[in-house]
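Trainee: Just passing along the structure, written as structure tokens.
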Amino acid sequence: MTTMHNNQPDNKIMIKLVVGTEAMFFLCLIMAFIYMAYHSGFEPHELNQLDLRTTGIYTLALIASSFTLLLADRCLKKEKMRGLKGWLCLTLLLGATFLFGQGKEYIRLIRGSVTLNGSVFGSSFFTLTGFHGLHVFIGLVILSIILLLAFLGDYDKTVGRGSALSTAAIYWHFVDIVWIVVFAVVYVLPEFTRL
Amino acid sequence: MEELVTIPEPDRPFPGLGVSSNQGLLQWISSVDHKMIGIMYLLVSLLFFLIGGLLALFMRVQLALPLNHFLGPEAYNQFFTMHGTTMIFFVAMPAVFGFSVYFVPLMIGANEMAFPRLNAFGLWLTFFGGLLLYFSFLAGGAPDAGWFNYAPLNEKNYSIGPGIDYYAMGLLISGIGSVVTSVNLIVTILNYRVKGMALHKLPLFVWMVLVNSFLLLAAFPSLNAALAMLLLDRQFNAHFFNTGSGGSALLWQHLFWIFGHPEVYILILPPFGILSEVFQVFSRKPIFGYPFVAASSVAIALLAFGVWAHHMFAVGLGNPVNTFFSASSMLIGIPTGVKVFNWLATMYGGKIRFSVSMLFAIAFLIEFTIGGLSGIAFSIVPIDWQLTDTYYVVAHIHYVFIGGTIFGLLSGLFYWFPKMTGKMLDERAGKWFFWLFVIGFNGTFLVQHALGMLGMPRRVYTYPALPAYGILNFISTAGAFLMGGSVLLLVFIIRRSLKRGREAGDDPWDAYTLEWAAASPPALKNFDTLPVVTGRRPFWDMKLAARKRPLPGDPINAATNPPHTKKTGDDYDAQ
Amino acid sequence: MLFLVIGLVVFICLRYRAKGDKSEGDQQTGNNLLEGLMIGIPAILLGWFFIKSVGTARAITPGSDPARKPDIVITGHQWWWEVEYPGSGAITANEVHLPVGIPILMEMRSGDVIHDWWVPELGNKTDLVPGNKNYLSVDIDKPGDYYGSCSEFCGAQHAWMRIHVVAESPGDFAAWLSANGKPALPPADSLSKEGAALFQIHTCANCHRIGGTAAIAGAGPDLTHVGSRRTILTGILPMNEAGLASWISHPQQIKPGARMPDFIFSKDSIAAIAHYLAQLK
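Protein chains in written order, with our numbering: chain D, 2 to 196; chain B, 112 to 686; chain R, 25 to 305.
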């Protein structure tokens with residue numbers, strides 16, 4: 002060892018910093034959402050169109066995907082390549098399910114004339130959830146690349162050594178946590194307070 | 112025999128593009144070498160500095176006389192918007208990053224940044240963000256709502272042209288570039304220090320860059336979020352800032368200043384770091400109160416997030432809010448003052464050598480104190496209510512940005528130019544430049560304090576012939592031209608020094624930090640081996656050790672460096 | 025503080041010049057007592073500023089009496105000030121008449137972007153924020169003219185959004201207010217009758233109001249008593265027939281970017297309209 006400071010691999014520190022700065026980004030969007038709710042007031046009939054139950058189920062899918070990714074990571078460390086591929090596939094499937102659910106919700110809302118340019122609520126809602134959806138999508142792309150590499154046999158030789166999967170996992174868990182907060186603010190909170 | 116560590120090779124200096132190091136421009140464009148990228152950052156900064164300065168001169172010509180007709184309101188408003196945006200995002204930021212990516216690896220004894228390609232990516236995002244911003248001139252009008260771009264003036268109903276869209280896109284792109292470069296710098300500093308260089312032995316410049324990068328990562332998302340919302344408003348008719356349909360004008364101000372005030376510190380902390388090095392070397396003393404200088408940066412970074420609303424005292428937030436932000440804004444004066452006094456204490460008892468670099472550092476102490484104290488005035492709410500948005504503010508920010516940031520950067524330029532090029536930057540001509548620049552700068556901005564107190568609002572393209580307005584503005588314009596002339600002189604000095612400058616040698620200033628242990632200019636691979644760091648002035652320790660020992664072949668980069676001699680630099684002040 | 029720093033800089037620079045020798049300076053690295061002073065003294069000074077400033081801010085902020093109605097409502101527009109005196113029917117623009125010796129509560133609104141009211145001699149700045157209402161209390165001692173300007177950048181003609189406050193004795197003010205609360209004078213001579221007709225049939229009436237006539241729009245400045253003002257366009261031109269005529273004939277040259285477009289009028293029409301407006305005292 003030539004330098005003494007390699008406590009963590011570069012990738013891990015890098016992704017934690019990225020996650021930190023992304024967290025600030027979402028914090029701003031969430032604060033803007035709350036600010037708009039108090040400053041302008043959201044139309045109750047628009048808020049009421051949100052489907053708490055269905056979205057809740059898709060939320061569970063996203064949360065589950067974090068656990069399946071944890072299992073995939075564990076398989077990689079134990080050099081169980083089939084388990085790795087299987088859990089990764091399931092993670093991708095769950096993530097895609099969430100995006101599908103979000104798409105359905107969007108279509109339903111737009112048909113109910115809640116749109117980005119329709120009202121303050123529409124602007125705030127689609128911006129916040131849309132940016133989150135974009136991050137889920139990016140996460141899916143990253144995980145797909147890792148899955149592809151796993152199928153190509155990249156992980157067979159350097160078993161457990163590469164930090165790509167655990168690095169991507171940090172990002173994926175972050176996206177997951179952001180959604181829990183967004184879900185709480187956008188879907189659950191209005192049930193209790195009259196914004 | 113002291114312990115030597117081998118410095119790890121950079122992964123791949125030129126990523127498999129089949130480019131060799133003698134292919135001219137292509138070599139620069141494809142380079143991932145941190146030194147070439149650092150120089151390109153500095154060149155980008157210089158390019159935009161000349162453009163931004165030219166815009167300022169046009170504005171000063173328009174304002175030289177009352178009721179002047181040199182520029183119309185459209186042109187003037189575009190010019191002052193572009194001037195501010197350019198100077199902050201495409202001059203000060205790239206210059207700060209240029210010195211950071213060039214010298215951080217060298218000062219911590221590394222051969223490369225942690226992510227060399229990401230480094231290049233950050234540079235090109237910054238550059239193309241700037242190009243995109245300037246493309247707006249061709250695309251139907253530059254942004255004209257000020258660099259602060261307040262809502263709802265930035266909305267389609269009030270700014271119909273495409274300028275604001277270019278502003279938002281340009282800043283988003285360069286903002287992402289800044290974020291990735293900061294990530295890169297942090298990882299580099301945390302993981303690539305030479306053995307023995309614990310965090311409390313980091314050179315202060317590296318300390319400030321580290322703190323600064325965290326500050327930037329925390330501050331920029333706020334701007335990016337605001338810009339994203341603005342683009343959604345303008346392109347897809349969303350309603351965030353559109354006051355006509357329920358949006359909020361103040362949301363933009365909050366988001367912008369949550370970014371904007373830390374940004375001021377982002378631009379000043381690295382120059383603080385440069386000065387902390389310069390004061391040590393040219394006073395021939397270690398820094399006074401290292402832990403206080405380092406810790407005060409952290410204090411500044413933390414407090415920076417609690418002061419944004421002092422830009423908004425006049426919007427009617429109510430007295431309790433104003434009082435809170437007044438207190439926090441005053442508090443931030445304390446760590447800044449700690450730094451100034453520590454630098455003074457560093458000079459006290461030293462053997463001061465008045466190189467141009469040191470002259471800028473000393474001038475900085477005075478100019479920045481003026482800027483800092485006129486800033487304290489704004490934290491006092493009733494004074495702010497009188498002076499905000501007047502020429503007093505214009506004077507204040509220029510004392511901070513020029514007297515602080517630019518003086519610090521120029522000090523760094525004269526200090527590090529020999530390292531970057533192997534040639535001395537002409538000291539005698541440099542002194543001419545120094546005095547012209549300082550006189551021009553004070554001539555331009557000192558009188559603006561008075562203009563502000565006389566009631567001249569800022570951002571006006573013309574003004575009526577009120578008593579004293581004409582003469583003060585004329586003095587200001589004259590000062591601006593002196594400054595402009597001195598910048599041309601600087602460009603000329605750089606050119607001449609590159610061609611015919613004196614050879615600098617590896618260590619012209621008899622300096623303290625590791626970059627001076629590398630060759631001038633450093634080879635593609637900065638270091639082969641370095642001794643384990645034991646103190647805060649590692650290169651000074653190395654030289655002490657070398658002097659005590661008969662030279663058994665120099666331990667420092669025996670391959671690339673000649674044995675260290677003191678013949679080159681010490682006679683610089685005899686010029 | 026500034027002089028302290030300058031003094032120290034000069035003293036140190038003179039005292040500790042390197043006089044050609046190559047020796048190192050005093051290798052001192054710090055002193056905790058001195059650091060304490062560096063933090064303590066500014067902290068005490070700032071604490072004192074702070075206490076002073078909070079007191080002053082309290083003193084000049086309007087009291088929070090929710091029942092109090094504003095005496096005057098100012099609405100910022102790109103790039104002029106609409107001034108309304110609630111209850112009196114008087115609406116004017118750019119020239120703000122205020123009584124001396126009486127505390128006045130001003131309500132600040134914006135019709136478009138953010139503006140900022142600033143008359144340096146009459147107290148603090150106050151932003152006019154669309155969607156919000158801000159309040160400013162003013163108490164003027166001496167009659168006279170006070171000048172100020174918009175001091176938040178508000179677009180192309182921010183520079184020509186100046187303020188002229190006319191402070192008068194309560195008696196003069198009451199007289200002014202009652203005169204300005206009345207509908208506009210009818211056109212007196214034939215030329216102004218022609219001008220009045222032109223005003224109504226052309227697009228003037230689409231934007232401007234003249235009290236007592238069919239023109240009731242509020243997009244541009246109220247012209248009911250425009251002839252009694254001293255200047256037009258917040259001070260670019262004097263208020264007289266020549267000034268008005270020159271403005272009507274090419275607004276975009278005089279105040280580029282202003283909301284009033286260039287119209288195609290004959291010279292005679294312009295003269296008639298200007299004549300009509302100038303006699304609206």
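Beta carbons: idealized from backbone N, C-alpha and C, even for Gly.
Under 8 Å Cβ-Cβ, which residues of chain R neighbour P263(B)?
Mentor: Within chain R, the residues near P263(B) are D136, V137, I138, P154.
Trainee: Indicate the three-state DSSP secondary structure (helix, strand or coil) for C174(R) in the structure shown.
Mentor: Residue state, collapsed to three classes: strand.
Trainee: Got a sec: which bits of the region 17-30 of chain D sit with their beta carbon under 9 Å from any beta carbon on chain B, in order along the chain?
Mentor: Residues passing the 9 Å Cβ filter: L18, V19, G21, T22, E23, A24, M25, F26, F27, L28, C29, L30.
Trainee: From the DSSP output, in three-state form, read off K279(R) for me.
Mentor: Coil at K279(R), not helix or strand.
Trainee: Anyone know if the C-beta pair for W258(B) and T192(B) falls short of 9 Å?
Mentor: Yes, Cβ-Cβ distance for W258(B) and T192(B) is below 9 Å.
Trainee: Classify V97(R) as helix, strand or coil using the three-state DSSP reduction.
Mentor: Reduced to three states, the DSSP call for V97(R) is strand.
Trainee: Please report the residue range of the alpha helix (DSSP H) in which Y109(R) lies.
Mentor: First-last for Y109(R): 104-109, but that is the beta strand (DSSP E), not the alpha helix (DSSP H).
Trainee: Assuming P177(B) and A506(B) form a contact by the criterion Cβ under 8 Å, report the distance between their Cβ atoms to the nearest whole angstrom.
Mentor: At roughly 19 Å, the Cβ-Cβ gap does not stay under 8 Å, so P177(B) and A506(B) are not in contact.
Trainee: At a cut of 8 Å, does the region 531-542 of chain B reach the region 114-122 of chain R through at least three beta carbon pairs?
Mentor: Contact fails: fewer than three Cβ-Cβ distances are below 8 Å.
Trainee: Between which two residues does the beta strand (DSSP E) carrying M130(R) extend?
Mentor: Start and end: 128-134.
Trainee: In this structure, how does DSSP classify E192(D) when only helix, strand and coil are distinguished?
Mentor: Three-state result, E192(D): helix.
Trainee: For a test of the three-state rule: what should DSSP assign to I164(R), helix, strand or coil?
Mentor: Residue state, collapsed to three classes: coil.
Trainee: Indicate the three-state DSSP secondary structure (helix, strand or coil) for K305(R) in the structure shown.
Mentor: If DSSP states are grouped into helix, strand and coil, K305(R) belongs with coil.
Trainee: Quick check: the region 288-304 of chain R against the region 209-229 of chain R, are at least 3 beta-carbon pairs closer than 8 Å?
Mentor: Yes: at least three Cβ pairs fall under 8 Å.
Trainee: Quick check: the Cα distance between S490(B) and K306(B), rounded to an integer number of angstroms?
Mentor: Roughly 44 Å between the two C-alpha positions.
Trainee: So if I threshold CB-CB distances at 7 Å, which residues from the region 346-367 of chain B count as touching chain D?
Mentor: The residues in question are F347, N348, A349, H350, F351, G357, G358, S359, L362, L366.
Trainee: Sort out for me which residues DSSP pairs T501(B) with in a bridge.
Mentor: Bridge partners of T501(B): P568(B).
Trainee: Comparing C-alpha positions only, which one of L222(R), G236(R), T237(R), A243(R) sits nearest to N230(R)?
Mentor: Comparing Cα-Cα distances from N230(R) to each of L222(R), G236(R), T237(R), A243(R), the minimum goes to A243(R).
Trainee: If distances are taken between C-alpha atoms only, which option among H121(R), G179(R), P144(R) comes closest to A203(R)?
Mentor: Ranking H121(R), G179(R), P144(R) by Cα distance to A203(R) puts H121(R) first.
Trainee: How about S333(B) and I297(B): do their beta carbons lie closer than 9 Å?
Mentor: Result no, Cβ atoms of S333(B) and I297(B) do not sit closer than 9 Å.
Trainee: Output yes if chain B places a C-beta closer than 9 Å to the C-beta of D11(D); else output no.
Mentor: Closer than 9 Å: yes.
Trainee: Measure the C-alpha to C-alpha separation of G21(D) and A62(D) and round it to an integer number of angstroms.
Mentor: Between G21(D) and A62(D), the C-alpha separation is close to 24 Å.
Trainee: Considering Cα atoms alone, identify which of F26(D), T56(D), L51(D) is closest to I111(D).
Mentor: If we check each option's Cα against that of I111(D), L51(D) comes out closest.
Trainee: Give the straight-line distance between the Cα atoms of L137(B) and F208(B), rounded to the nearest whole angstrom.
Mentor: C-alpha separation (whole angstroms): 22 Å.
Trainee: Just checking my contact of A218(B) with F316(B) at CB under 8 Å: how many whole Å lie between their CB atoms?
Mentor: The sequence shown places Met at residue 218(B), rather than the Ala named in the question. Correct: roughly 6 Å between the Cβ atoms.
Trainee: Taking the Cβ atom as the reference point for each residue, do G448(B) and F475(B) lie within a distance shorter than 9 Å?
Mentor: Not a contact, by the Cβ cut-off of 9 Å.
Trainee: Is E114(B) buried or exposed, if buried means 16 or more other CB atoms sit within 10 Å of its CB?
Mentor: So E114(B) counts as exposed.
Trainee: Closer than 9 Å by beta-carbon distance: list the chain B residues that pair up with S120(D), in chain order.
Mentor: The contacting residues are H350, S356, G357.
Trainee: Entirely within the region 376-426 of chain B and at least 3 residues each: give me those beta strand (DSSP E) ranges in chain order.
Mentor: With a minimum length of 3 residues, no continuous beta strand (DSSP E) run stays inside the region 376-426 of chain B.
Trainee: Select from I108(D), P191(D), S67(D) the residue whose C-alpha is nearest the C-alpha of G140(D).
Mentor: When only C-alpha atoms are compared, the closest one is S67(D).
Trainee: Please decide whether F331(B) counts as near chain D, where near means a Cβ-Cβ distance under 9 Å.
Mentor: Chain D contact via Cβ: present.
Trainee: Let me see if you follow: with CB-CB separation under 9 Å, is L129(R) close to chain B or not?
Mentor: L129(R) does not count as touching chain B.
Trainee: Any residues in the region 395-408 of chain B with a beta carbon nearer than 8 Å to a beta carbon of chain R? Which ones, in chain order?
Mentor: So the close ones are R395, K396, P397, I398, F399, G400, Y401, P402, F403.
Trainee: Measure the C-alpha to C-alpha separation of E106(D) and T56(D) and round it to an integer number of angstroms.
Mentor: Taking the straight line joining both Cα atoms gives about 8 Å.
Trainee: In chain order, which alpha helix (DSSP H) runs of at least 4 residues are fully inside the region 197-277 of chain B?
Mentor: Listed in chain order, the complete alpha helix (DSSP H) runs (minimum 4 residues) inside the region 197-277 of chain B are 204-218, 227-246.
Trainee: What residues of chain D sit near A336(B), judged by a beta carbon separation below 8 Å?
Mentor: Near A336(B) (Cβ distances below 8 Å), the residues of chain D are F26, C29, L30, A33.
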